[in-house]
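In what follows, a structure is listed as structure tokens, so that the remarks can point back to it.
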Amino acid sequence: MKLSRVALYLMAFYFGLTTLLGVSAGGEGIKSTDEPAREIERIYERFADISATMLLSVRNVIAKNQELINRDPETGNYYFKGFVPAIVGSHVANDFSLRTGYKLKQTALKVRNPKNEPDEWEEKALGILEKDKTKKSFGEVTKVGNKDVYRYMKPLYMEKECLMCHSVPEAMPPEIRAYIEKYYTTDEALGYKEGDLRGGISITIPITEWSIP
Ligand code: HEC
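Given below as structure tokens:
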């Protein structure tokens, strides 16, 4: 009795997962023996993309609401709080990592905060995305230390809302320029135009046993 209930839960989980991921549940899912490695990669790619896109949405909301965050509605005074997409993004990334074990990070080839410097894999991934702007992402199964992981990079392009903080200093609001010059003395993240690759969201997902056929 007990066992069949466990089996039922497992089946429900499997069908739920395959539906969620858009993978056919008709035998081609995680059980595939034809090209198992590729199949695992596709599943991890979906997980990675959903997670990275969620962080991208959080970032965009923060970028679009700088006026609301920094302007006092009663006095009209502007006080730049430094509550920017990347800072909020780092907090969300840390919280998400604690809950899921996925590691999320915002990085770039030229960074404003040295803490966001890319590692070797991230540098390679950003280089590939920089060369080919039509690529929506770059991901692969690789290793971190002796652990198998799936790593993924989703590009972050410069949009209109990013210009106030990442274009030339002369074009930036004075409060923001002063803040950035004060707190980011080694800033390299200036001089970007709309459409430029500004960086990427990097995600590392540990490959767990359940997914290995
Ligand atoms: C209101 C100012 C502001 C806006 C708007 C803004 N950024 Fe940033 N950005 C910053 C600051 C400040 C940092 C450094 C954050 C830190 O300390 O980690 C940063 C860091 C980053 C990083 C991490 C790598 C690095 O350089 O340290 C990326 C990637 C990034 N920004 C991309 C963007 C994109 C893309 C947009 C538009 C959607 C954007 N930013 C909008 C201020 C801003």
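Heads up, the sequence shown is in the working numbering, so the first residue is 39 and it goes up one at a time.
Don't be surprised by glycine CBs; every beta carbon is placed ideally from N, CA and C.
Computed from a prediction, not measured in an experiment: that's the story for all the values here.
task: Tell me whether R137 is buried or exposed, calling it buried when 16 or more other Cβ atoms sit within 10 Å of its Cβ.
output: Translated into positions along the sequence shown, residue 137 becomes position 99. Its Cβ having fewer than 16 others within 10 Å, R137 is exposed.
- prompt: Just curious, the beta strand (DSSP E) that I243 is in, first and last residue?
  reply: Taking the sequence shown and counting its residues from 1, one reaches residue 243 at position 205. L235 to P244 is the span of the beta strand (DSSP E), which, as asked, contains I243.
field: Beta-bridge pairing of M191 - partner residues as DSSP gives them
entry: Position 153 of the sequence shown, counted from the first residue, corresponds to residue 191. Per DSSP, F176 and S240.
Bridge partners - D157, DSSP secondary structure assignment: Within the sequence shown, residue 157 is the residue found at index 119, counting from 1. As DSSP reads the structure, D157 sits in no beta bridge.
- prompt: Around the Cβ of Y117, are there at least 16 other Cβ atoms within 10 angstroms (buried) or fewer (exposed)?
  reply: Start at 1 with the first residue of the sequence shown, and residue 117 comes out as number 79. With fewer than 16 Cβ atoms within 10 Å of its Cβ, Y117 is classed as exposed.
8 Å contact criterion, which L167 and M191 should meet: CB distance rounded: In the sequence shown, counting from the first residue as 1, residue 167 sits at position 129. In the sequence shown, counting from the first residue as 1, residue 191 sits at position 153. Rounded, the Cβ-Cβ distance is 6 Å, consistent with contact.
message: What does the alpha-carbon distance come out to for the pair N103 and P74?
response: If you number the sequence shown from 1, residue 103 lands on position 65. If you number the sequence shown from 1, residue 74 lands on position 36. Cα-Cα distance, rounded: 44 Å.
- prompt: Based on the DSSP output, what are the partners of T224 in its beta bridges?
  reply: The count along the sequence shown starts at 1 and reaches residue 224 at position 186. None; T224 has no bridge partner.
- prompt: Can we say the stretch 118-126 touches the stretch 89-101, given the rule of at least three CB pairs closer than 8 Å?
  reply: Result yes; three or more Cβ-Cβ pairs closer than 8 Å.
- request: Tell me whether Y116 sits in a helix, a strand or coil according to DSSP, three-state version.
  value: The count along the sequence shown starts at 1 and reaches residue 116 at position 78. When secondary structure is reduced to three states using DSSP, Y116 falls in the strand class.
query: CB-CB under 7 Å to L55, same chain, minus the five flanking residues each way: which ones, in chain order?
result: In the sequence shown, residue 55 corresponds to position 17, counting from 1. Because L55 sits at a pLDDT of 49, beneath the cut-off of 50, its placement in the model cannot be relied upon, and the following sentence gives the value as read from the coordinates. Once the five neighbours on either side are set aside, L55 has no close Cβ partner at all.
- prompt: Where DSSP assigns a beta bridge to V182, which residues make up the other side?
  reply: On the sequence shown, position 144 is the one that residue 182 refers to. According to DSSP, which records beta bridges pairwise, V182 is partnered with K185.
message: With DSSP as the reference, identify every bridge partner of Q144, one or two as the case may be.
response: For the purposes of this step, residue 144 is identified with residue 106 of the sequence shown, where counting begins at 1. Answer is I239.
task: Flag H129 as yes when its Cβ comes closer than 7 Å to any non-hydrogen atom of ligand 1, and as no otherwise.
output: Along the sequence shown, one-based indexing puts residue 129 at 91. For H129, the distance from the CB to the nearest heavy atom of ligand 1 is not below 7 Å.
- request: State yes or no: is the C-beta of V122 nearer than 7 Å to some heavy atom of ligand 1?
  value: For this step, residue 122 is matched to residue 84 along the sequence shown. Within the cutoff, so yes.
- prompt: Do K231 and ligand 1 come close, with the Cβ less than 7 Å from some heavy atom?
  reply: In the sequence shown, counting from the first residue as 1, residue 231 sits at position 193. No, ligand 1 has no heavy atom inside 7 Å of this Cβ.
query: Hey, out of I245, K143, R236 and A90, whose CA is closest to K171's CA?
result: Along the sequence shown, read from residue 1 onward, the residue named residue 171 stands at position 133. The candidate whose alpha carbon is nearest that of K171 is R236.
- prompt: Does the stretch 138-154 come close enough to the stretch 229-243 to have 3 or more Cβ pairs within less than 8 Å?
  reply: They touch, by the three-pair rule.
query: Would I245 pass as a contact of D157 if the rule is Cβ separation under 8 Å?
result: Position 207 of the sequence shown, counting from 1, holds the residue named residue 245. Position 119 of the sequence shown, counting from 1, holds the residue named residue 157. Not a contact, by the Cβ cut-off of 8 Å.
8 Å Cβ shell around G233 - same chain, five flanking residues per side excluded: For this step, residue 233 is matched to residue 195 along the sequence shown. If we look at G233 and ignore the five residues flanking it on each side, its Cβ neighbours are Y195 and M196.
- prompt: Beta carbon of I286: closer than 7 Å to some heavy atom of ligand 1?
  reply: What the structure shows of the chain is the stretch from 39 to 251, and residue 286 is not part of that stretch, so it cannot be assessed.
query: In angstroms, rounded to a whole number, what distance separates the CA positions of E199 and A216?
result: Reading the sequence shown from its first residue, position 161 is the one you call residue 199. Reading the sequence shown from its first residue, position 178 is the one you call residue 216. In a straight line, the C-alpha of E199 is about 18 Å away from that of A216.
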